[in-house]
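Participant: Quick one: structure below, then a few questions.
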Amino acid sequence: MSDREHILYLEHLTVSFDGFKALDALTLYVEPGELRCIIGPNGAGKTTMMDVVTGKTKPDSGTAWFGRQLDLLQMNEPDIARAGIGRKFQKPTVFEYLNVFENLELALAGPRSFWQVLRARLSGEQRDKIERVLETIGLAEKRTTLARTLAHGQKQWLEIGMLLMQEPELLLIDEPVAGMTPQETERTAELMLSLAGKHSVVVVEHDMEFVRSIARRVTVLHEGRVLAEGSMDDVQNDQRVIEVYLGA
Amino acid sequence: MLSSRYVPAPLREDRGGLILLGLLAIAAVLLPVLALVVPEGSAFHLSPYALTLIGKYLCYAMLALAVDLIWGYCGILSLGHAAFFSLGGYAMGMYLMRQIGSRGVYGDPVLPDFMVFLNWKSLPWFWYGFNHFWFAALMMVLVPGVLALVFGWLAFRSRVTGVYLSIMTQALSYALMLAFFRNDMGFGGNNGFTDFKEILGFDLHLNRVRVTLVVATILALAASYVFSRYLLTSRAGRVIRAVRDAESRTRFLGYPVESYKLWIFVMSAVIAGIAGALYVPQVGIINPGEFAPINSIEVVIWVAVGGRATLFGAALGAIVVNYAKTYFTGAFPEIWLYALGALFILVTLFLPRGITGLVRSSKEQA
Numbered sequence: 001m002s003d004r005e006h007i008l009y010l011e012h013l014t015v016s017f018d019g020f021k022a023l024d025a026l027t028l029y030v031e032p033g034e035l036r037c038i039i040g041p042n043g044a045g046k047t048t049m050m051d052v053v054t055g056k057t058k059p060d061s062g063t064a065w066f067g068r069q070l071d072l073l074q075m076n077e078p079d080i081a082r083a084g085i086g087r088k089f090q091k092p093t094v095f096e097y098l099n100v101f102e103n104l105e106l107a108l109a110g111p112r113s114f115w116q117v118l119r120a121r122l123s124g125e126q127r128d129k130i131e132r133v134l135e136t137i138g139l140a141e142k143r144t145t146l147a148r149t150l151a152h153g154q155k156q157w158l159e160i161g162m163l164l165m166q167e168p169e170l171l172l173i174d175e176p177v178a179g180m181t182p183q184e185t186e187r188t189a190e191l192m193l194s195l196a197g198k199h200s201v202v203v204v205e206h207d208m209e210f211v212r213s214i215a216r217r218v219t220v221l222h223e224g225r226v227l228a229e230g231s232m233d234d235v236q237n238d239q240r241v242i243e244v245y246l247g248a
Numbered sequence: 001m002l003s004s005r006y007v008p009a010p011l012r013e014d015r016g017g018l019i020l021l022g023l024l025a026i027a028a029v030l031l032p033v034l035a036l037v038v039p040e041g042s043a044f045h046l047s048p049y050a051l052t053l054i055g056k057y058l059c060y061a062m063l064a065l066a067v068d069l070i071w072g073y074c075g076i077l078s079l080g081h082a083a084f085f086s087l088g089g090y091a092m093g094m095y096l097m098r099q100i101g102s103r104g105v106y107g108d109p110v111l112p113d114f115m116v117f118l119n120w121k122s123l124p125w126f127w128y129g130f131n132h133f134w135f136a137a138l139m140m141v142l143v144p145g146v147l148a149l150v151f152g153w154l155a156f157r158s159r160v161t162g163v164y165l166s167i168m169t170q171a172l173s174y175a176l177m178l179a180f181f182r183n184d185m186g187f188g189g190n191n192g193f194t195d196f197k198e199i200l201g202f203d204l205h206l207n208r209v210r211v212t213l214v215v216a217t218i219l220a221l222a223a224s225y226v227f228s229r230y231l232l233t234s235r236a237g238r239v240i241r242a243v244r245d246a247e248s249r250t251r252f253l254g255y256p257v258e259s260y261k262l263w264i265f266v267m268s269a270v271i272a273g274i275a276g277a278l279y280v281p282q283v284g285i286i287n288p289g290e291f292a293p294i295n296s297i298e299v300v301i302w303v304a305v306g307g308r309a310t311l312f313g314a315a316l317g318a319i320v321v322n323y324a325k326t327y328f329t330g331a332f333p334e335i336w337l338y339a340l341g342a343l344f345i346l347v348t349l350f351l352p353r354g355i356t357g358l359v360r361s362s363k364e365q366a
């Protein structure tokens with residue numbers, strides 16, 4: 001199947017917890033610059049798949065490669081994050097008493113040890129980079145606002161911005177629009193579309209309207225396997241998908 | 001208002017801090033005049049008693065600053081900072097004891113009185129060097145600093161946080177108190193050190209020496225304030241606040257959270273130690289009672305009353321609460337502890353951001 005260059009290769013991944021197979025020989029490829037939505041009923045293995053990619057869970061069998069060079073199963077979580085895979089969790093965690101700009105500043109790649117960070121100053125280039133991310137996530141006007149006073153949706157965007165500061169090649173985003181207002185959802189859809197191309201983006205989401213508005217390619221998971229893959233229309237008309245998920 | 005051009009970066013947008021530094025500058029000029037120039041009969045004359053009280057409050061303000069640095073900004077509630085304060089004080093006390101020389105009651109040129117009384121024949125090894133001020137000064141910084149480094153390294157590395165850490169710091173202070181109470185520790189047992197004569201060759205009972213010590217305390221407090229601001233306005237300072245608000249998120253961004261906590265803890269302990277060292281020659285005594293767990297808890301109350309995570313509020317809180325303490329313990333000695341307890345409860349309930357929270361705008365906070 002994969003003679004083309006992919007950014008993520010997951011092949012025959014199996015993860016079981018106490019006999020329950022969270023992933024059952026899952027095989028999935030993601031192309032560079034692609035925006036991929038993953039849907040599926042609860043327990044389909046969406047979160048477990050992300051856990052394997054980010055190194056949180058080790059599979060019983062199978063392979064997971066990031067590009068053709070990096071074997072994700074041989075790497076730990078910080079290594080994977082540094083190699084260019086960013087993950088956004090469902091619940092936003094930003095630094096409440098720092099402002100938007102400072103939140104992005106701390107996410108900037110660079111020195112991390114106390115004595116180096118004590119003397120660190122922003123270079124013009126780094127400042128520009130923060131400004132670009134502020135534009136991308138639409139919070140340029142809010143740069144000096146304390147993060148705690150942001151609306152829920154804005155906090156989610158800020159956290160995506162913090163991921164972008166580390167220039168990940170692959171972004172894994174878990175339920176980005178949960179709890180958002182319709183306007184925020186719309187803005188988030190625009191944000192996702194603007195990220196695609198520059199990054200590969202994998203979005204796990206329940207909100208079908210949202211998925212329809214952004215997805216070019218949808219993967220349906222069911223019981224730890226890929227049930228169907230294709231455009232939203234293809235998937236929605238697939239008889240098996242209707243049975244297990246959409247039609248139910 | 002001052003133009004921001006003339007203000008160093010760490011103090012920009014720090015109105016409260018500039019006010020504090022301004023008040024300290026005024027005090028540094030005014031106190032010597034009131035104590036030395038204004039004649040004794042005048043209503044404006046500052047008595048040695050009042051001068052000593054002010055010096056004491058300023059040392060407490062420095063201690064409160066140290067506690068606010070780690071509690072207010074890094075979320076580490078230390079209930080053991082009196083220990084670092086006392087160790088700095090003991091280092092200074094050892095120097096002052098050696099300065100007494102043969103003027104002690106027993107007239108021994110080397111051994112302090114309590115050692116002669118205990119029938120000791122020679123100076124214990126850990127007293128060597130304390131006849132030199134530079135050595136004692138080094139110890140005032142090193143002893144609290146190294147203790148904080150070792151204690152913090154063990155505690156933070158084991159991920160001890162929250163109330164467990166607070167209890168451990170209380171235990172640390174209590175253990176040191178019990179140790180210093182023992183005569184055979186070589187620190188004067190329950191009497192501690194007193195009856196000091198000279199510092200750097202100057203008679204401690206002279207008014208101008210007292211004034212100099214108060215001015216030195218003012219300078220030390222101002223320097224600690226500016227240093228703390230420098231630290232907190234650096235990127236490391238922002239990481240420290242990030243640790244306070246979302247520790248695991250900070251770790252996830254790749255920051256070694258434990259090492260940030262450790263270094264800020266050490267810096268805070270050193271400030272507390274210097275405060276203690278300045279305290280001892282002014283009050284004229286240091287004994288193991290200074291290690292008492294209640295002392296560390298009182299510091300936390302000063303910080304809470306003044307306003308946590310402001311620095312200047314902590315300094316102000318220390319001065320206000322201690323002035324109240326002096327007044328109440330003189331006027332109504334039996335109700336002071338109730339008044340202190342009530343103050344803490346009232347502030348917690350009605351002024352969660354302390355006295356300074358009353359005048360601070362929401363933008364300035366944290």
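Residue numbers (the working numbering), protein chains in the order written: chain A, 1 to 248; chain B, 1 to 366. In this text, a Cβ means the ideal position worked out from N, Cα and C, and glycines have one as well. Everything numeric in this text was worked out from a predicted model, so none of it was measured.
Check distances from the C-beta atoms of the segment 89-109 of chain A to those of chain B and list, in chain order, the residues that come in under 8 angstroms.
Facilitator: Listed in sequence order: Thr93, Val94, Phe95, Glu96, Tyr97, Leu98, Glu102, Glu105, Leu106 and Ala107.
Participant: Considering only DSSP beta bridges, list what Tyr9 of chain A is partnered with.
Facilitator: Along the first sequence, read from residue 1 onward, the residue named residue 9 of chain A stands at position 9. Answer is A:Tyr29 and A:Trp65.
Participant: Kindly indicate if chain B contains any beta-carbon less than 9 angstroms away from that of Ser113 of chain A.
Facilitator: Along the first sequence, read from residue 1 onward, the residue named residue 113 of chain A stands at position 113. It does; some Cβ of chain B falls within 9 angstroms.
Participant: With DSSP as the reference, identify every bridge partner of Asn99 of chain A, one or two as the case may be.
Facilitator: On the first sequence, position 99 is the one that residue 99 of chain A refers to. Answer by DSSP bridge pairing, in chain order: A:Leu146.
Participant: Taking only beta-carbon positions, decide if Val214 of chain B is within less than 9 angstroms of chain A.
Facilitator: Locating residue 214 of chain B in the second sequence gives position 214, counting from the first residue. It does not; no Cβ of chain A falls within 9 angstroms.
Participant: So, do the segment 29-45 of chain A and the segment 217-225 of chain A have three or more beta carbon pairs nearer to each other than 8 angstroms?
Facilitator: Enough Cβ pairs lie closer than 8 angstroms, so yes.
Participant: Any beta-carbon of chain A closer than 9 angstroms to the one on Trp367 of chain B?
Facilitator: Not covered by the structure: residue 367 of chain B. The range shown for chain B is 1 to 366.
Participant: Which term fits Leu51 of chain A, buried or exposed, when burial requires 16 or more other beta carbons within 10 angstroms of its beta carbon?
Facilitator: Position 51 of the first sequence, counted from the start, is the residue given in the question as residue 51 of chain A. Leu is not the amino acid found at residue 51 of chain A; the sequence shown has Asp there. It counts as buried.
Participant: Would you tell me roughly how many angstroms separate the C-alpha atoms of Lys56 of chain A and Glu77 of chain A, rounded to the nearest one?
Facilitator: Translated into positions along the first sequence, residue 56 of chain A becomes position 56. Translated into positions along the first sequence, residue 77 of chain A becomes position 77. Looking at the two C-alpha atoms, the distance is approximately 6 angstroms.
Participant: Give every residue of the same chain whose Cβ lies closer than 6 angstroms to the Cβ of Gly84 of chain A, excluding the five residues on either side of it in the sequence, and list them in chain order.
Facilitator: Walking along the first sequence from the start, residue 84 of chain A turns up at place 84. Excluding residues within five positions, the ones whose Cβ falls inside 6 angstroms are Pro168 and Glu169.
Participant: Over what stretch of residues does the alpha helix (DSSP H) that includes Thr188 of chain A continue unbroken?
Facilitator: Position 188 of the first sequence, counted from the start, is the residue given in the question as residue 188 of chain A. Run containing Thr188 of chain A: Pro182 to Leu195, per the alpha helix (DSSP H) assignment.
Participant: Going by DSSP in three states, Glu83 of chain A sits in which element: helix, strand or coil?
Facilitator: By one-based count along the first sequence, residue 83 of chain A stands at place 83. With the sequence shown as reference, residue 83 of chain A is identified as Ala, and Glu is not the correct amino acid for it. In the structure shown, Ala83 of chain A sits in a helix (DSSP, three-state: H, G or I).
Participant: Let me make sure I understand the geometry here. Which of B:Arg157, B:Glu198, B:Tyr57 and B:Glu13 has the alpha-carbon closest to that of Ala318 of chain B?
Facilitator: Against the second sequence, residue 318 of chain B aligns to sequence position 318. The option with the nearest alpha carbon to Ala318 of chain B is B:Tyr57.
Participant: What does the Cβ neighbour count give for Thr181 of chain A, buried or exposed, with the cut at 16 atoms within 10 Å?
Facilitator: Position 181 of the first sequence, counted from the start, is the residue given in the question as residue 181 of chain A. Exposed, because fewer than 16 other Cβ atoms sit within 10 Å of the Cβ of Thr181 of chain A.
Participant: May I ask you to report which of helix, strand or coil DSSP gives Ser123 of chain A?
Facilitator: Locating residue 123 of chain A in the first sequence gives position 123, where the first residue counts as 1. Correct three-state label for Ser123 of chain A: coil.
Participant: Please report the residue range of the alpha helix (DSSP H) in which Ser268 of chain B lies.
Facilitator: Here residue 268 of chain B corresponds to residue number 268 of the second sequence, with the count starting at 1. Start and end: Val257 to Val283.
Participant: Whose C-alpha, out of A:His152, A:Gly67 and A:Glu223, is nearest the C-alpha of Ala25 of chain A?
Facilitator: Start at 1 with the first residue of the first sequence, and residue 25 of chain A comes out as number 25. Looking at the Cα atoms, A:Glu223 is the closest of the given residues.
Participant: How big is the Cα-Cα spacing for Glu243 of chain A and Val235 of chain A?
Facilitator: Here residue 243 of chain A refers to the residue found at position 243 of the first sequence. Here residue 235 of chain A refers to the residue found at position 235 of the first sequence. Looking at the two C-alpha atoms, the distance is approximately 12 angstroms.
Participant: Closer than 7 angstroms, Cβ to Cβ, to anything on chain A: give me those residues from the segment 233-257 of chain B, in chain order.
Facilitator: Cβ contacts with chain A come from Ser234, Arg235, Ala236, Arg238, Val239, Arg241, Ala242, Asp245, Ala246, Arg249, Leu253, Gly254, Tyr255 and Pro256.
Participant: For Phe17 of chain A, is the classification buried or exposed, using 16 other Cβ atoms within 10 angstroms of its Cβ as the cut-off for buried?
Facilitator: Locating residue 17 of chain A in the first sequence gives position 17, counting from the first residue. Counting Cβ neighbours within 10 Å, Phe17 of chain A comes out exposed, since fewer than 16 surround it.
Participant: Count the other CB atoms within 10 Å of the CB of Ala171 of chain B; is the residue buried (16 or more) or exposed (fewer)?
Facilitator: One-based indexing of the second sequence puts residue 171 of chain B at position 171. By the 10 Å Cβ count, Ala171 of chain B comes out exposed.
Participant: By how many angstroms is the C-alpha of Ser296 of chain B removed from the C-alpha of Gly110 of chain A?
Facilitator: Counted from its first residue, the first sequence places residue 110 of chain A at position 110. Counted from its first residue, the second sequence places residue 296 of chain B at position 296. Spanning the two alpha carbons is a distance of roughly 38 angstroms.
Participant: How would you list, in chain order, the residues of chain B whose beta-carbon sits under 9 angstroms from the beta-carbon of Asp120 of chain A?
Facilitator: Here residue 120 of chain A corresponds to residue number 120 of the first sequence, with the count starting at 1. Here the sequence assigns Ala to residue 120 of chain A, which means Asp is not the residue at that position. By Cβ distance, chain B contributes Ser234, Arg235 and Ala236.
Participant: Check distances from the C-beta atoms of the segment 71-82 of chain A to those of chain B and list, in chain order, the residues that come in under 8 angstroms.
Facilitator: Under the 8 angstroms Cβ criterion, the segment 71-82 of chain A contributes Pro78, Ala81 and Arg82.
Participant: In chain order, what residues of the same chain have a beta carbon less than 6 angstroms from the beta carbon of Tyr60 of chain B, not counting five sequence neighbours either side?
Facilitator: Along the second sequence, one-based indexing puts residue 60 of chain B at 60. Cβ within range, chain order: Ala318 and Asn322.
Participant: Return yes when the Cβ of Val300 of chain B is within less than 9 angstroms of the Cβ of Ser69 of chain B, no when it is not.
Facilitator: Within the second sequence, residue 69 of chain B is the residue found at index 69, counting from 1. Within the second sequence, residue 300 of chain B is the residue found at index 300, counting from 1. One point to set straight first is that residue 69 of chain B is Leu, not Ser, in the sequence displayed. Cβ atoms of Leu69 of chain B and Val300 of chain B: not closer than 9 angstroms.
Participant: Would you give the residue range spanned by the beta strand (DSSP E) that Ala228 of chain A belongs to?
Facilitator: Taking the first sequence and counting its residues from 1, one reaches residue 228 of chain A at position 228. Per DSSP, Ala228 of chain A belongs to the beta strand (DSSP E) from Arg225 to Gly230.
Participant: DSSP state of Ile173 of chain A, grouped into three classes?
Facilitator: As a position in the first sequence, residue 173 of chain A is number 173, starting the count at 1. Strand.
Participant: In this structure, how does DSSP classify Ile199 of chain B when only helix, strand and coil are distinguished?
Facilitator: Along the second sequence, one-based indexing puts residue 199 of chain B at 199. Ile199 of chain B falls in the strand class under three-state DSSP.
Participant: Would you say Phe259 of chain B reaches chain A, if we count a Cβ-Cβ gap shorter than 9 angstroms as a contact?
Facilitator: As a position in the second sequence, residue 259 of chain B is number 259, starting the count at 1. In the sequence under discussion, the amino acid at residue 259 of chain B is Ser, which differs from the Phe named in the question. So yes, Ser259 of chain B belongs to the interface.
Participant: Starting from the C-beta of Glu209 of chain A, find all residues in its chain whose C-beta is less than 6 angstroms away, skip the five residues before and the five after it, and write them out in chain order.
Facilitator: Locating residue 209 of chain A in the first sequence gives position 209, counting from the first residue. None.
Participant: Measuring only between beta-carbons, confirm whether Leu316 of chain B sits less than 9 angstroms from chain A.
Facilitator: Indexing the second sequence from 1 puts residue 316 of chain B at position 316. Not closer than 9 angstroms to any Cβ of chain A, the Cβ of Leu316 of chain B fails to qualify, so no.
Participant: Is the CB of Leu311 of chain B under 9 angstroms away from at least one CB in chain A?
Facilitator: Taking the second sequence and counting its residues from 1, one reaches residue 311 of chain B at position 311. No, because no Cβ of chain A sits closer than 9 angstroms to the Cβ of Leu311 of chain B.
Participant: Kindly list, in the order they appear in chain B, the residues whose Cβ is closer than 8 angstroms to that of Val117 of chain A.
Facilitator: As a position in the first sequence, residue 117 of chain A is number 117, starting the count at 1. The answer, in chain order, is Ser234, Arg235, Ala236, Val239 and Tyr255.
Participant: Would you call the segment 143-162 of chain A in contact with the segment 90-98 of chain A, where contact means no fewer than 3 C-beta pairs closer than 8 angstroms?
Facilitator: Enough Cβ pairs lie closer than 8 angstroms, so yes.
Participant: Bridge partners of Arg217 of chain A, per DSSP?
Facilitator: Indexing the first sequence from 1 puts residue 217 of chain A at position 217. Looking at the DSSP assignment, Arg217 of chain A forms a beta bridge with A:Arg36.
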